[in-house]
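Listed in order, the protein sequences are those of chains A and B.
The opening position of the first sequence corresponds to residue 13 in this note's numbering, with each subsequent residue numbered one higher.
The opening position of the second sequence corresponds to residue 2 in this note's numbering, with each subsequent residue numbered one higher.
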Amino acid sequence: MSEAKDITKLTLRDVPNKDYFLWGHGACPGCGVAIAVKNIMRILGPDTIVYVPASCLVVFAAQYPTSAFDVPYFFTAFENTGAVATGIKAAMRRKGKKAAVVGFAGDGGTFDIGLQALSGAADRNEDILYVCLDNEAYMNTGIQMSGATPFGAWTTTSPVGKVIKGKRRFKKDVDHIMAAHEPPYMATLSIAHFNDFVRKVERAKSIEGFRFLHVLTPCVPGWRSESSRTMEIAKLAVETGMWTLFEAVKGESSLTYKPSTMLPVTDYLKLQGRFAHMTVDDVNALQRWLCMKWWVHYKDQVEAPPCKLYETERPVAHDGDPLHGV
Amino acid sequence: MVTKVISADHAVAWAVRLARAEVVPAFPITPQTLIMELISEFINDGEMDAELIPAESEHSVMSVAVGASAGGVRTFTASASQGLALMHEMLYAAPQNRLPVVMVNVNRSLGAAAGIWLEHNDSMPERESGWLQCYVEDNQESLDMVLQAYRIAEDIQVMLPTMVCLDGFVLSHTVERVEIPGQEDVDAFLPKFKPMNVLDTESPKVFNPIVPPDYVVEMRYQLDWAMDSAREVIEKVDKEFGARFGRSYGGLFERYRMEDAEYALITLGTATTTARAAVDELRAQGKKAGLIKLRFMRPFPEKELVEATEGLRALGVFDRSIAMNRYGPVFTEVRGALASTDLPLTDHIGGLGGRDLTLEDMRAIYSIIGRSAESRPERCVFWHSLRGEQR
């Protein structure tokens, strides 16, 4: 993309065709992480050094002696993306090299075990791009609950038991934690809202200092969804309020997209087996939380929490399609 | 060359400045903090061209260090005790990626029975991490070994990280006369770092991908080989250092009055100084006592120790830490090295948690070793300056 181009007008057509995250990697069909990384790397280009902590990506991107990344790549541990990226960037500075340093961490590696190193790097305003690929659980180890797992969701450590069914706490708001650091740039991204995605990655690339991008990346085995519906689910996350799109420059946040109407949360839930067990009370609890979130988030543009609750016993019942989860 | 009266921590900071380390991630921990404070002053006064990165934990410190080293610049850090333990995971990232980071560990006791004083139970467990590990006796050696450590670590035959251990407080906070070499001499001894592999967008490489079982054995073998090759490099670098600066330390270990010794003790670090005094006393009494100052735990000088202890009738080992119910780590290593001999061996535990190690303790240690040359000792492990009876 040329420098002169107005970032706010970029579209999918402006993404370069050259790949730096190549075909032949081992991700599942329909993997949101692979889609996000492939497109972010197209925009970042060849003068980029990649750090990946423990995650699915580390397993499907590079297994000796192969690599899907066509740029320098480093992995060491789980909790240190902010720190290793800091070290690599310091070396580049010392050597007078312009190479960008990007860290691709999962939600566990960001919300939980990596939060300390992330906060340290943001606080020092290290000149690195930190991308959180959020598939809402520890998928690499086989679907365990993380701070990013939404309320009600089944995981192997929030199983659907006779007494307790699914995760009992709501998703941790890591974006507010990051916003409190007032980084030069941060944004939430959806792989299904592509023009918005392109603009945010391009803006992150153009800014110096600490940048944080948070992408929702649906996970076919972890969400018990159909591989061909990854994009649909990513889109519904935004349309139901489960995911919101905004950016913040030096702590000043602004919306980048508002759905015209708030779709009921069941539109999102019913495509994913991880929510199939949810009782009407749990769905209503989630819907109420979403209504409040919607109102807080879009308060300049909505009058009151537009909350529609459910009365039927199994609002998340499957539609009969065997591919819609277990 | 100038002479200053400084602590070992400050001597280390001077060495790091002279070595022209470029990236120095830091996190404070007693008794290491003085190192980072002085380096910060050097940088902020414009006397040292480097970046000090104040990471938010020791885990991140070592993460920054491996990132910077993989980026191809000379990297230094320091820690101690709990800090080293927090780094443990990241220590393992450096050797297999062949990243010659140099760190100083200022030995301090680790864990409950909390304290900030000297013990070797922080660094000893890390001798399995793939780092070279050496122990120094005084402030001058602290400075000299940091310079030597870079030469050894960055040698093409080695390319491994190196940990220089110095005794907390006994050295770190005690001032001694230290000769600070001139920058030109150090530059001639220690040329600019030439990394073997580096993260560079002009020549993309993958560092540390997932390695399936098909390849791991050979990688570990290469690591073992490099560590073994370091023995030669250590001796070479020490001789070269001696020729240039007039001080050398014997490489892997130093022999003190060992020529005709009948019994001897192996020590690490500052215990050596006390043992030297005990040996001198015994020699004055006509007793053939000797001393081996072991300098490197990794690589461990097995072959060399077998030769050095030939002709002895008894050997003791001093340990400043212990594996409960077993032995001190130095003893474990020495006994392994001398397994094919029938030399009577005793292990002497002392100075734990900063307890003073006195000349009186050393006399007792040598007396037990002397006796073990004549008759089999009643036990293998002796605790020194222990209140009450050892059961």
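Every residue gets a Cβ at the ideal spot worked out from N, C-alpha and C, and that includes glycine.
No experiment lies behind these values; they were computed from the predicted model shown.
Residue i to residue j span [Cα, whole Å]
i, j, result
"Val-338 of chain A", "Gly-234 of chain A", "Confidence at Val-338 of chain A is low in this model, with a pLDDT of 40, below 50, so its placement is unreliable and the value that follows should be read with caution. Cα to Cα, Val-338 of chain A sits roughly 11 Å from Gly-234 of chain A."
"Arg-411 of chain B", "Trp-384 of chain B", "For residue 411 of chain B there is no data in the structure shown, the boundaries of chain B being 2 and 392."
"Leu-127 of chain A", "Tyr-197 of chain A", "18 Å"
"Trp-301 of chain A", "Ser-64 of chain B", "38 Å"
"Met-13 of chain A", "Asp-26 of chain A", "Per-residue confidence for Met-13 of chain A stands at a pLDDT of 46, beneath the threshold of 50, marking its modelled position as unreliable; the derived number appears in the next sentence. Their Cα atoms are separated by approximately 7 Å."
"Pro-162 of chain A", "Asp-185 of chain A", "11 Å"
"Leu-56 of chain A", "Leu-53 of chain B", "28 Å"
"Phe-301 of chain B", "Lys-212 of chain A", "54 Å"
"Ala-279 of chain B", "Tyr-250 of chain B", "20 Å"
"Asn-140 of chain B", "Lys-217 of chain A", "48 Å"
"Leu-225 of chain A", "Ser-239 of chain A", "24 Å"
"Met-298 of chain B", "Ala-160 of chain A", "45 Å"
"Phe-123 of chain A", "Thr-202 of chain B", "30 Å"
"Leu-295 of chain B", "Leu-148 of chain B", "19 Å"
"Tyr-81 of chain A", "Lys-247 of chain A", "Going by the sequence as given, residue 81 of chain A is Phe instead of Tyr. Near 27 Å, if we compare the C-alpha coordinates of Lys-247 of chain A and Phe-81 of chain A."
"Trp-255 of chain A", "Leu-283 of chain A", "16 Å"
"Ile-40 of chain B", "Ala-115 of chain B", "28 Å"
"Lys-183 of chain A", "Tyr-63 of chain A", "26 Å"
"Lys-30 of chain A", "Arg-54 of chain A", "6 Å"
"Lys-109 of chain A", "Ile-117 of chain B", "42 Å"
"Lys-177 of chain A", "Thr-291 of chain A", "9 Å"
"Gly-154 of chain A", "Thr-168 of chain A", "8 Å"
"Arg-1 of chain B", "Gly-47 of chain B", "Residue numbering for chain B in the displayed model covers 2 to 392; residue 1 of chain B lies beyond these limits and cannot be assessed."
"Leu-387 of chain B", "Pro-32 of chain B", "25 Å"
"Val-113 of chain A", "Thr-34 of chain B", "30 Å"
"Asn-106 of chain B", "Ala-73 of chain A", "36 Å"
Chain B residues whose Cβ lies nearer than 7 Å to that of residue i
i, result
"Pro-58 of chain A", "Thr-202"
"Pro-84 of chain A", "Leu-200, Asp-201, Thr-202, Pro-205 and Lys-206"
"Ile-61 of chain A", "Leu-200 and Thr-202"
"Val-70 of chain A", "Ile-211"
"Ser-67 of chain A", "Those do not exist, as Ser-67 of chain A stays about 11 Å from chain B at its closest Cβ, beyond 7 Å."
"Ala-111 of chain A", "Thr-202"
Contact set between residue i and chain A, taken where Cβ atoms lie within less than 9 Å
i, result
"His-60 of chain B", "Ala-89, Glu-91, Asn-92, Ala-95, Gln-128 and Ala-129"
"Val-318 of chain B", "Per Cβ cutoff of 9 Å: no residues; Val-318 of chain B is ~35 Å from chain A at best."
N-terminal and C-terminal residue of the alpha helix (DSSP H) that residue i is part of
i, result
"Leu-1 of chain A", "It is not possible to answer for residue 1 of chain A, since the shown part of chain A is limited to 13 through 338."
"Asn-207 of chain A", "206-218"
"Lys-304 of chain B", "303-309"
"Asp-10 of chain B", "9-19"
"Glu-334 of chain B", "330-338"
"Ser-373 of chain B", "360-375"
"Ile-36 of chain B", "34-45"
"Arg-277 of chain B", "272-285"
"Tyr-280 of chain A", "277-281"
Beta-carbon neighbours of residue i, restricted to chain B and to distances below 9 Å
i, result
"Arg-180 of chain A", "Within chain B, no residue comes near Arg-180 of chain A; the closest Cβ sits about 30 Å away, beyond 9 Å."
"Ala-39 of chain A", "Residues of chain B passing the Cβ test: none, with the nearest at roughly 14 Å."
8 Å Cβ cut-off: residues of chain A touching residue i
i, result
"Val-24 of chain B", "Gly-99, Ala-102, Ala-103 and Arg-106"
"Met-91 of chain B", "Thr-88, Ala-89 and Asn-92"
"Glu-52 of chain B", "Ala-102, Arg-105 and Arg-106"
"Ser-41 of chain B", "Within 8 Å Cβ-Cβ: nothing; Ser-41 of chain B doesn't reach chain A, min ~15 Å."
"Val-103 of chain B", "Within chain A, no residue comes near Val-103 of chain B; the closest Cβ sits about 15 Å away, beyond 8 Å."
Residue interval of the beta strand (DSSP E) (run including residue i)
i, result
"His-226 of chain A", "223-228"
"Arg-265 of chain A", "Going by the sequence as given, residue 265 of chain A is Ser instead of Arg. From DSSP, the beta strand (DSSP E) with Ser-265 of chain A extends over 264-269."
"Ile-54 of chain B", "52-55"
"Leu-56 of chain A", "Per DSSP, Leu-56 of chain A belongs to no beta strand (DSSP E); it is in the alpha helix (DSSP H), 44-56."
"Gly-291 of chain B", "290-295"
"Tyr-150 of chain A", "Tyr-150 of chain A -> no beta strand (DSSP E), and no H or E assigned at all."
"His-349 of chain B", "346-350"
"Pro-26 of chain B", "24-27"
Contact set between residue i and chain B, taken where Cβ atoms lie within less than 8 Å
i, result
"Ala-2 of chain A", "Past the edges of chain A, shown from 13 to 338, lies residue 2 of chain A, and the structure says nothing about it."
"Ser-79 of chain A", "Val-207 and Pro-210"
Distance cut-off 6 Å: residue i Cβ against heavy atoms of the ligand NAP
i, result
"Ala-102 of chain A", "Of ligands this structure carries none, so the ligand NAP is not represented either."
- Task: Note down, one range per segment and in chain order, each beta strand (DSSP E) of at least 3 residues found wholly within the segment 162-249 of chain B.
- Result: 163-168 and 177-181
- Item | chain B contacts from the segment 90-102 of chain A (Cβ-Cβ distance under 9 Å) | Phe-90, Glu-91, Asn-92, Thr-93, Gly-94, Ala-95, Val-96, Ala-97, Thr-98, Gly-99, Ile-100, Lys-101 and Ala-102
- chain A contacts from the segment 191-219 of chain B (Cβ-Cβ distance under 7 Å): Leu-200, Asp-201, Thr-202, Pro-205, Lys-206, Val-207, Phe-208, Asn-209, Pro-210, Ile-211, Val-212, Pro-213 and Tyr-216
- Residue ranges of each alpha helix (DSSP H) within the segment 73-136 of chain A, 4 or longer: 93-106 and 127-135
- Query: Listed from N- to C-terminal order along the chain, which residues in the segment 69-81 of chain B have their beta-carbon within a distance smaller than 7 Å of any beta-carbon of chain A?
  - Reply: Ala-69, Ala-71, Gly-72, Gly-73 and Val-74
- Check each residue of the segment 131-146 of chain A: if its Cβ is closer than 9 Å to any Cβ of chain B, include it; give the result in chain order. Ser-131, Gly-132, Ala-133, Asp-135, Arg-136 and Glu-138
- Task: Just list the alpha helix (DSSP H) runs in the segment 68-98 of chain B, keeping only unbroken ones of 4 residues or longer that don't cross its boundaries, in chain order.
- Result: 82-92 and 94-97
- Run through the segment 103-170 of chain B for me and flag every whole beta strand (DSSP E) of 3 or more residues, listed as ranges in chain order. 103-108, 133-136 and 163-168
- Query: In the segment 249-283 of chain B, which residues sit with their C-beta less than 9 Å from some C-beta in chain A, listed in chain order?
  - Reply: none
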